[in-house]
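S.K.: Below is the structure I would like to discuss, written out as structure tokens.
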Amino acid sequence: MEVLVIGAGLAGVTSAWYLAQAGCSVTVVERQPGPGLETSFANGGQISISHPEPWANPSAPATILRWLGRKDAPLLFRLRADYKQWRWAAAFLRECLPGRSVRNTTAIANLAIYSRQELQALRAATGIQYESSDAGILHLFQSQREFSAVPARQKELEALGIRARILMTDEAIALEPALASLRPRLAGVMHGLDDESGNAHLFCRELAAKAREAGVRFMYDARIYDFDMIRGRIRGIRVLDADHKAGVLQADAVVVAAGSYSPALIAHFGVHLPIYPVKGYSITVPIVNPERAPKHSLTDESRRIVCSRLGDRLRVAGTAELNGFDLSPNPARSASIVKWLEEHLPGVANLEQAEHWCGLRPATPSNVPLIGRTRIDNLYLNTGHGTLGWTLACGSGRALADIMTGRTPEPAFPFRT
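This note's numbering puts the sequence shown at residues -5 to 411.
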């Protein structure tokens, strides 16, 4: 089977890899000059199995109301005259209903556990290196009210098959001395034992190189401007290459893994995807005091900010901003991340050399990604992963390859089959 994959981020590259392993002939079309240069470029670095609960949960509406008017709010709605934004927001509120939230949490957890297994198997088989760590994630709670809810949360995770342990302040600091400066305000910690971290962009680059060795073709700097349809099936896509020369790539099947831009690509087929771009911010800073830098990835539960150690650098990321496809940086959002680093890990990194980044995360209202078939017989999806693209990447790619080659995916998940 000849497969065209649109997009060379985490979703696209993993799809290409697993499809090639399943015996397909694969070509990846990407508008950027290389893999992983958009959403996958500078994310928080976390493979967060221990955080399957989506943004849309019963406590979300009240929390968002408390954040209204704050320029540095973890979740910021910039209301626009855009019916797509309002429709997405209405669907988000519907997904906050308790029953829907439980269903979505369970689905995400099942795929996350499976995805980590697939990542570990891929790492063992290929020897791929991407500044990874399997030390887990430390979830920081800085109020007793928040920390008092952790035992119930731990039990919920265990019921889903996810391991976590509760650490009191002294235990947490003994495990991670970098938290010592937080002792006066740290109520406690939950340690996600199944979590990992790593450089998603480096993973994309390295896996793309492995995929090329396995026969996958990559076409970069390519713009798609039309699809060829014959009797209700896509037979090819029309592209402009890096030299602006037009051509047609023929296919037996097409995979859309284009992140936030996926809906626009296929809307004229009558395939409407409930995806809206959610802008996230990060900074990457060189470590100047390795002994005081954290060895574990961190999640500040109250601020929704994460921090991962990637070799000799720290990646600090957070915030979610609904403002359409606007990629212009918001200084207040970046400043809040810098301030967090100054307050929580003082003297660890050189803030003057901080590299600032923002990118669009393709979010569904439920945070459950769209994986599988569409109403077009040979058009498939692997998109809509929101904040969990790195967490769910390998499991999503493997499951999609199974669907496309006639096998049943392993995890219990609402795949489009």
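We put the beta carbon where it would ideally sit given N, CA and C, even for glycine.
Could you check the C-alpha separation between Arg102 and Pro48 for me, to the nearest Å?
M.R.: Numbered from 1 along the sequence shown, position 108 holds the residue referred to as residue 102. Numbered from 1 along the sequence shown, position 54 holds the residue referred to as residue 48. The amino acid occupying residue 102 in the given sequence is Ile; Arg does not appear at that position. Near 8 Å, if we compare the C-alpha coordinates of Pro48 and Ile102.
S.K.: Around the C-beta of Met162, are 16 or more other C-beta atoms found within 10 angstroms, so that it is buried, or is it exposed?
M.R.: Counted from its first residue, the sequence shown places residue 162 at position 168. When all chains shown are included, Met162 counts as exposed.
S.K.: Ends of the beta strand (DSSP E) at Asp479?
M.R.: The structure shown does not extend to residue 479, since the chain spans only -5 to 411, so no value can be given for it.
S.K.: Among residues of its own chain, excluding the 5 on either side of Gly380, which ones have a beta-carbon nearer than 7 Å to its beta-carbon?
M.R.: The residue given as residue 380 occupies position 386 in the sequence shown. For Gly380, where only same-chain residues beyond five positions count, the Cβ hits under 7 Å are Val272, Arg355, Pro356, Ala357, Thr358, Asn361.
S.K.: Apart from the five residues just before and just after Gly391, which ones in its own chain have a Cβ nearer than 6 Å to its Cβ?
M.R.: In the sequence shown, residue 391 corresponds to position 397, counting from 1. Excluding positions up to five away in sequence, the list reads Thr8, Ser9, Tyr12.
S.K.: Short of 7 Å in beta carbon distance, which residues of its chain neighbour Val332, apart from the five on each side in sequence? Order them along the chain.
M.R.: Here residue 332 refers to the residue found at position 338 of the sequence shown. Taken in chain order, the residues that qualify are Ile277, Leu345, Ala348.
S.K.: Going by CA-CA distance only, name the one from Ala36, Gln15, Ile58 that's closest to Glu315.
M.R.: In the sequence shown, the residue the question calls residue 315 occupies position 321. If we check each option's Cα against that of Glu315, Ile58 comes out closest.
S.K.: Restricting to runs no shorter than 3 residues, where is the beta strand (DSSP E) found entirely within the region 117 to 158?
M.R.: 131 to 135
S.K.: Please report the straight-line C-alpha distance between Gln114 and Phe407, rounded to a whole angstrom.
M.R.: Taking the first residue of the sequence shown as 1, we reach residue 114 at position 120. Taking the first residue of the sequence shown as 1, we reach residue 407 at position 413. C-alpha separation (whole angstroms): 20 Å.
S.K.: Can you tell me whether His185 is buried or exposed? The criterion is at least 16 other CB atoms within 10 Å of its CB, across all chains shown.
M.R.: Walking along the sequence shown from the start, residue 185 turns up at place 191. Taking all protein chains in view, the Cβ of His185 is crowded by 16 or more other Cβ atoms within 10 Å, so the residue is classified as buried.
S.K.: Who pairs with Gly230 in a beta bridge, going by DSSP?
M.R.: Locating residue 230 in the sequence shown gives position 236, counting from the first residue. DSSP lists Asp222, Gln244 as partners of Gly230.
S.K.: Is the shortest distance between the beta-carbon of Ala311 and the beta-carbons of chain B less than 8 Å?
M.R.: No chain B is part of this structure, which consists of one protein chain only.
S.K.: Taking only runs that begin and end inside the region 59 to 117, name each unbroken beta strand (DSSP E) of 3 or more residues, in chain order.
M.R.: With a minimum length of 3 residues, the unbroken runs of beta strand (DSSP E) contained wholly in the region 59 to 117 fall at 69 to 71.
S.K.: DSSP beta-bridge partners for Pro188?
M.R.: Indexing the sequence shown from 1 puts residue 188 at position 194. In the sequence as presented, Pro is not what sits at residue 188; that position holds Asp. Per DSSP, none; premise fails for Asp188.
S.K.: Do you know how far the Cα of Ala2 is from the Cα of Thr429?
M.R.: For residue 429 there is no data in the structure shown, the boundaries of the chain being -5 and 411.
S.K.: What residue from Phe197, Ile370, Ala247 has the CA that sits closest to Ile122's CA?
M.R.: The residue labelled residue 122 in the question sits at position 128 within the sequence shown. If we check each option's Cα against that of Ile122, Phe197 comes out closest.
S.K.: Would you mind working out which of Ala181, Asp235, Tyr255, Ile107 sits nearest Glu190, comparing C-alpha positions?
M.R.: For the purposes of this step, residue 190 is taken as the residue at position 196 of the sequence shown. With distances taken between Cα atoms, Glu190 lies closest to Ile107.
S.K.: Leaving aside the five residues before and after Gly17 along the sequence, list all residues of the same chain whose C-beta is less than 6 Å from its C-beta, in chain order.
M.R.: For this step, residue 17 is matched to residue 23 along the sequence shown. Once the five neighbours on either side are set aside, Gly17 has no close Cβ partner at all.
S.K.: Which whole-angstrom value describes the C-beta separation of Gln136 and Ser296, a residue pair presumed to lie in contact below a C-beta threshold of 8 Å?
M.R.: For the purposes of this step, residue 136 is taken as residue 142 along the sequence shown, with counting starting at 1. For the purposes of this step, residue 296 is taken as residue 302 along the sequence shown, with counting starting at 1. That belief holds up - the Cβ atoms of Gln136 and Ser296 are roughly 6 Å apart, short of 8 Å.
S.K.: Contact defined as beta carbons within less than 8 Å: I believe Glu(-4) pairs with Gln244. What is the distance between those atoms, to the nearest angstrom?
M.R.: If you number the sequence shown from 1, residue -4 lands on position 2. If you number the sequence shown from 1, residue 244 lands on position 250. Going by Cβ atoms, the distance from Glu(-4) to Gln244 rounds to 7 Å, so yes, they are a contact pair.
S.K.: Quick one: what's got a C-beta closer than 8 Å to Arg117's C-beta in the same chain, skipping five residues either side?
M.R.: Position 123 of the sequence shown, counted from the first residue, corresponds to residue 117. Within the same chain, Arg117 has close Cβ partners Ser126.
S.K.: Buried or exposed: Phe319, going by 16 or more other Cβ atoms within 10 Å of its Cβ?
M.R.: If you number the sequence shown from 1, residue 319 lands on position 325. That one is exposed.
S.K.: Per DSSP, what are the beta-bridge partners of Phe212 in this structure?
M.R.: If you number the sequence shown from 1, residue 212 lands on position 218. According to DSSP, which records beta bridges pairwise, Phe212 is partnered with Val22.
S.K.: DSSP three-state call for Gly305: helix, strand or coil?
M.R.: What you label residue 305 is simply residue 311 of the sequence shown in a count that begins at 1. In this structure, Gly305 counts as coil in the three-state DSSP scheme.
S.K.: Are the CB atoms of Cys388 and Glu112 nearer to each other than 8 Å?
M.R.: The residue labelled residue 388 in the question sits at position 394 within the sequence shown. The residue labelled residue 112 in the question sits at position 118 within the sequence shown. It is a contact, given that the beta carbons lie within the stated cut-off.
S.K.: Can you list, in chain order, the residues of its chain whose CB lies under 6 Å from that of Ser396, leaving out five sequence neighbours each side?
M.R.: Stepping through the sequence shown from its first residue, residue 396 is reached at position 402. The question names Ser, but residue 396 in the sequence shown is Asp. So the qualifying residues of the chain are Pro403.
S.K.: Do Gly241 and Val233 have their CB atoms nearer than 8 Å?
M.R.: As a working mapping, residue 241 is identified with position 247 in the sequence shown. As a working mapping, residue 233 is identified with position 239 in the sequence shown. Their beta carbons are under 8 Å apart, which means Gly241 touches Val233 by this criterion.
S.K.: Is Leu354 helix, strand or coil when you go by DSSP?
M.R.: Reading the sequence shown from its first residue, position 360 is the one you call residue 354. Of the three classes helix, strand and coil, the one that applies to Leu354 here is strand, per DSSP.
S.K.: Taking C-beta to C-beta, are Arg199 and Gly30 nearer than 8 Å?
M.R.: Along the sequence shown, one-based indexing puts residue 199 at 205. Along the sequence shown, one-based indexing puts residue 30 at 36. Yes, these two residues count as a Cβ contact at 8 Å.
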